[in-house]
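K.L.:
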Amino acid sequence: MASFDLDARFDLGTRLVSEAGELAMSYFQRLGSLTIKSKGPQDMASEADLNTEILIRDRLAAAFPEDAFLGEETGRTDAVAGARGIWVVDPIDGTQPFVSNMHNWCVSIAFVLDGRTELGFVAAPARRELFIARRGHGATLNGAPIAVRPAARMTDGLVGLGYSSRTPPGEFLPLLATLLDQGGMFVRSGSGALMLCDVACGRLIGYIEQYINSWDCLAALAMIEAAGGVVSDFLANDGMWRGHALAAGAPEVFPGLASLVGVAPLKV
Ligand code: LIP
């Protein structure tokens, strides 16, 4: 099977996520001039999302025409039939915080090869943070190595909790009650990718969401794996295209988190 130049994809991804972050930041700094459209309850987007994704998509297509692409705003582009590699992109994860002039949003780029996420890039320019991960080579925050926090039980820290109108409140509230009954406590920032990165660098002990899209989470899941954490098998059952429930966290608390959303660990 032809070898794959992951080094070249790592180098471009590293440069591209920062460049896309600068473009998104330029829109963030002039929010009043943007045309903000609703995509559904609590789900907004503007030209910042689309134009940032187009920048990423076009640069990747020029460099790696053999790779496929999946973006939240422009959908799926199959470069060549049976492409082994696919780029999965959320140009602005945390669109509600973004349009609300809050700092917890990011650009998320993942590269998946033969069904396994190999590279993850998350730029959060309003927080001046850049997360990068390469399978087998660790994860970094602004160039410094990161690791998940060793947590033995749910009471040892905060759990990131994702929620969207994709899940009926009647299904969500029992999950919340169970977490609290176990002595856990939650935080929700509106960006699943950034909260997952907060798990990778030890700020949160874990993250759960009952339904999330691939572009929201794959890059940050690579961060957590490379930082010593455990993640659920998100790509099982066609998760790339259909989305999935998700759990991720420190190894000791992962089983408890996984049982809250009914997922199994990714077999590495
Ligand atoms: C967000 C996700 C988050 C979810 C939010 C929202 P977006 O993505 O990252 O996990 O809970 O409701 O869907 O829409 O900001 O790109």
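Going by our numbering, the first residue of the sequence shown is number 912, and it counts up by one from there. For every residue, glycine included, the Cβ atom is placed at its ideal position computed from N, Cα and C. These numbers come from a predicted model, not from an experiment.
I need the straight-line Cα distance from serine 1102 to threonine 988, nearest angstrom please.
P.N.:
If you take the alpha carbons of serine 1102 and threonine 988, they lie about 25 Å apart.
K.L.:
Counting pairs of Cβ atoms below 8 Å between the stretch 1031-1038 and the stretch 1075-1092, do you hit three or more?
P.N.:
Verdict: no, contact absent.
K.L.:
How do the stretch 1119-1138 and the stretch 1061-1078 stand: do at least 3 beta-carbon pairs fall below 8 Å, yes or no?
P.N.:
They touch, by the three-pair rule.
K.L.:
What ranges does the beta strand (DSSP E) occupy inside the stretch 944-1005, keeping only unbroken runs of at least 3 residues that lie completely in it?
P.N.:
If we require 3 residues or more, the beta strand (DSSP E) runs fully inside the stretch 944-1005 come out as 948-951, 954-956, 979-982, 986-988 and 996-1004.
K.L.:
So the candidates are Ile1135, Ala1138, Ser1125 and Leu1168; which of them puts its Cα closest to the Cα of cysteine 1148?
P.N.:
Reading off the sequence, residue 1148 comes out as asparagine, not cysteine. Per the Cα distances, Ser1125.
K.L.:
Quick check: the stretch 1000-1013 against the stretch 1084-1093, are there 3 or more CB pairs under 8 Å?
P.N.:
No: the two stretches stay apart, fewer than three of their Cβ pairs being nearer than 8 Å.
K.L.:
Pick out whichever of Ala1156, Leu971 and Ser1143 has its Cα sitting closest to the Cα of phenylalanine 1165.
P.N.:
The shortest Cα separation from phenylalanine 1165 among Ala1156, Leu971 and Ser1143 belongs to Ser1143.
K.L.:
DSSP state of isoleucine 1135, grouped into three classes?
P.N.:
The answer is helix: DSSP assigns isoleucine 1135 an H, G or I state.
K.L.:
With DSSP collapsed to three states, give me the class of arginine 1027.
P.N.:
Looking at arginine 1027 - three-state DSSP - the assignment turns out to be strand.
K.L.:
The beta strand (DSSP E) spanning glutamate 1040 covers which residue range?
P.N.:
Unbroken beta strand (DSSP E) run through glutamate 1040: 1040-1045.
K.L.:
Give every residue of the same chain whose Cβ lies closer than 7 Å to the Cβ of leucine 1177, excluding the five residues on either side of it in the sequence, and list them in chain order.
P.N.:
Same-chain partners within the cutoff: Val1142, Ser1143 and Asp1144.
K.L.:
Helix, strand or coil, according to DSSP, for cysteine 1108 in the structure here?
P.N.:
In the structure shown, cysteine 1108 sits in a helix (DSSP, three-state: H, G or I).
K.L.:
Less than 6 Å between C-beta atoms, sequence neighbours within five positions excluded: which residues of the same chain meet that for methionine 1151?
P.N.:
Counting only Cβ-Cβ distances below 6 Å, and skipping sequence neighbours, we find Ser1125.
K.L.:
For methionine 912, which residues of its own chain have a beta-carbon under 7 Å away from its beta-carbon, when the five flanking residues on both sides are left out?
P.N.:
Reliability of the predicted coordinates at methionine 912 is poor, the pLDDT of 46 falling under 50, and no value is obtained from them.
K.L.:
Mapping the DSSP letters down to three states, classify phenylalanine 915 as helix, strand or coil.
P.N.:
Coil.
K.L.:
At the level of alpha carbons, what is the spacing between phenylalanine 1097 and arginine 1045?
P.N.:
Answer to the nearest angstrom: the Cα atoms are 28 Å apart.
K.L.:
Check whether the stretch 923-933 and the stretch 965-973 touch, using three or more Cβ-Cβ pairs below 8 Å as the test.
P.N.:
The stretch 923-933, when compared against the stretch 965-973, does touch it at the 8 Å Cβ threshold.
K.L.:
What number of angstroms, rounded off, separates the C-alpha of glycine 1054 from the C-alpha of proline 1008?
P.N.:
So the two alpha carbons sit approximately 26 Å from each other.
K.L.:
Quick one: residues in its chain with C-beta nearer than 7 Å to the C-beta of alanine 919, no 5 flanking neighbours on either side, listed in chain order?
P.N.:
Nothing meets the Cβ criterion.
K.L.:
Determine the closest residue to tryptophan 1016 out of Ala990, Ala972 and Met1106, with distance taken between C-alpha atoms.
P.N.:
It is Met1106.
K.L.:
Alpha carbon to alpha carbon, how far is glycine 993 from phenylalanine 1022?
P.N.:
So the two alpha carbons sit approximately 15 Å from each other.
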